[in-house]
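Undergrad: Below is a structure I'd like to ask you about.
Protein chains: 2
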Amino acid sequence: MADTPPLSTTGNPALKLDAQLCFALYSTLLGVNKVYRTLLRELDLTYPQYLVMLVLWERDERNVSDICSQLYLETATLTPLLKRLEARGLVNRRRSPSDERQVIVSLSEAGRALYAQVQHIPGCMSEALSCSQDDIVALRKQLLTLRDALFQHV
Amino acid sequence: MADTPPLSTTGNPALKLDAQLCFALYSTLLGVNKVYRTLLRELDLTYPQYLVMLVLWERDERNVSDICSQLYLETATLTPLLKRLEARGLVNRRRSPSDERQVIVSLSEAGRALYAQVQHIPGCMSEALSCSQDDIVALRKQLLTLRDALFQHV
DNA sequence: GCAATTTATATTGTGCGCGATGTAATTGCA
DNA sequence: TGCAATTACATCGCGCACAATATAAATTGC
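Read top to bottom, the protein sequences are chains A and B. Under this note's numbering, the first residue of the first sequence carries the number 836, and numbering increases by one thereafter. Under this note's numbering, the first residue of the second sequence carries the number 836, and numbering increases by one thereafter.
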């Protein structure tokens, strides 16, 4: 039954695209990225670069693995990204004197100053989501539960 | 106020990473991809490739822009992906005789046969999400509402 | 009937995102 | 003390994802 030729009327309903939570997540994120691209274009930042700036604005002087774990990314992703931010003059990178294996990432003056230029972004995104603040809070909570389950599973 | 040096106690609360719905979405999708990578490794498929196969299993013989619009992707993303699936022998690509601009994508015999090998995947993913079916349905619905708002906004 | 426009797909360049692998610094422990 | 194991980061290769651009086919307007 399950492995018969997949005609739309006979296929496994769980394999239908429009039934899948993961595709809803995936395609929604495509939309999020699209909106962020327009919001961040004038700052010449990508969304992942913006995320790195957000974590540094919250707490400066962090090593790479700190940033990795907060953003759920691998160093293979962040090392080149941080080098691009350094090349743009937004962050500095230096080895920790106490542990030469660690690279300490810190905001440059320009990186700190950029904070003033992103104040409107949460509001713009909120508007794009056109969704009540209560819904946003509830949805965020549900997603974090999912995220924990997914990362725990692997 | 908003553009003072971003100390963690004085910064704009809306710019805190852990308050952001979009980061919850982003990081949750990283987890989804991680789980799919392990599930799809034995089939040697990536998640976007799996999505293309899903849409073809639902309805075969579709042109590229059909697939693009159903997956919310651009042709610049799908054209190389489809060529890789063709090189793997899972799909065929041919120009439409009635409109030479269109490329019709269809399942090969191997592509159809692969359907039998993915029957367990929704169940595995469901388990990884460790979340009630009702929650999944509700969450999916909320995400689709968000997605519509985001794509309408741009 | 043919130029202008639109449509469908392809190409190029840039930036993620990560598995696999490498290297140097540090730690642990016999 | 010495050396194996671990940790922190970097590098490489591949596959998305898309903006910008190109090209050819089809359609429209006149």
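Quick reminder that beta carbons are idealized off the backbone N, C-alpha and C, glycines included. Note that the structure is predicted; figures quoted are calculated from it, not measured.
1) Would you tell me roughly how many angstroms separate the C-alpha atoms of residue 921 (chain B) and residue 876 (chain B), rounded to the nearest one?
2) For residue 942 (chain B), does the three-state DSSP call read helix, strand or coil?
3) Looking at C-beta atoms only, is the number of pairs between the region 975-982 of chain A and the region 952-959 of chain A that lie closer than 8 Å three or more?
4) In whole angstroms, give me the CA-to-CA distance for residue 885 (chain A) and residue 919 (chain A).
5) Could you please give the first and the last residue of the uninterrupted alpha helix (DSSP H) stretch that includes residue 847 (chain A)?
6) Count the other CB atoms within 10 Å of the CB of residue 924 (chain A); is the residue buried (16 or more) or exposed (fewer)?
7) Using C-beta distances below 8 Å, list every residue in its chain close to residue 986 (chain B), excluding the 5 sequence neighbours before and after it, in chain order.
8) Could you tell me which chain B residues have their CB closer than 7 Å to the CB of residue 971 (chain A), listed as they occur along the chain?
9) By Cβ distance below 7 Å, which residues in the same chain neighbour residue 945 (chain B) in space, the five residues on each side in sequence not counted?
10) Where does residue 989 (chain A) sit, in a helix, a strand or coil, going by DSSP?
11) Helix, strand or coil for residue 975 (chain B) per DSSP?
12) Less than 8 Å between C-beta atoms, sequence neighbours within five positions excluded: which residues of the same chain meet that for residue 898 (chain A)?
13) For residue 988 (chain B), which option in A:967, A:873 and A:851 has the closest C-alpha, if you only look at C-alpha atoms?
14) Quick check: what's the CA-CA separation for residue 839 (chain B) versus residue 856 (chain B)?
15) Taking only three categories from DSSP, how would you classify residue 936 (chain B)?
16) Tell me which residue opens and which closes the alpha helix (DSSP H) that residue 919 (chain B) is part of.
17) Please look up how many angstroms separate the CB atoms of residue 867 (chain B) and residue 860 (chain A), rounded, as I've assumed it's under 8 Å.
18) Whose Cβ in chain A lies nearer than 7 Å to the Cβ of residue 975 (chain B)?
19) Helix, strand or coil, according to DSSP, for residue 928 (chain A) in the structure here?
20) Looking at chain B, is there any beta carbon in it that lies within less than 8 Å of the beta carbon of residue 926 (chain A)?
21) Grab me the residues of residue 927 (chain B)'s own chain with a C-beta within less than 6 Å of its C-beta, minus the 5 sequence neighbours each way, in chain order.
22) Please compile the residues from chain A whose C-beta is within a distance smaller than 9 Å of the C-beta of residue 876 (chain B).
23) What residues from chain A crowd round residue 849 (chain B), counting only those whose CB sits closer than 7 Å?
24) Does chain A have any CB closer than 8 Å to the CB of residue 862 (chain B)?
25) Got a sec, what are the start and stop residues for the alpha helix (DSSP H) residue 873 (chain A) sits in?
26) Between the alpha carbons of residue 968 (chain A) and residue 846 (chain B), how many angstroms are there, rounded?
27) Considering residue 954 (chain A), what are the terminal residues of the alpha helix (DSSP H) in which it resides?
28) Classify residue 894 (chain A) as helix, strand or coil using the three-state DSSP reduction.
29) Would you mind working out which of A:883, A:893, A:863 and A:913 sits nearest residue 853 (chain B), comparing C-alpha positions?
30) Which residues in chain B sit within 8 Å of residue 965 (chain A), going by Cβ to Cβ distance?
31) Do you know how far the Cα of residue 905 (chain B) is from the Cα of residue 915 (chain A)?
32) Along the chain, where does the alpha helix (DSSP H) that runs through residue 901 (chain B) open and close?
TA: Reading off the structure:
1) 18 Å
2) strand
3) no
4) 12 Å
5) Premise fails: residue 847 (chain A) is in no alpha helix (DSSP H) and is neither H nor E.
6) exposed
7) 907
8) 856
9) 924 and 925
10) coil
11) helix
12) 931, 937, 938, 939 and 940
13) A:873
14) Because the pLDDT at residue 839 (chain B) is just 49, under 50, the model does not fix this residue reliably, and the value given afterwards should be weighed accordingly. Answer to the nearest angstrom: the Cα atoms are 24 Å apart.
15) coil
16) 910-922
17) 6 Å
18) 856 and 859
19) strand
20) no
21) 941 and 943
22) Neighbours of residue 876 (chain B) on chain A: none; closest Cβ ~12 Å, over 9 Å.
23) 957
24) yes
25) 856-875
26) 20 Å
27) Element bounds for residue 954 (chain A): n/a, residue is neither H nor E.
28) coil
29) A:893
30) 984 and 988
31) 33 Å
32) 899-906
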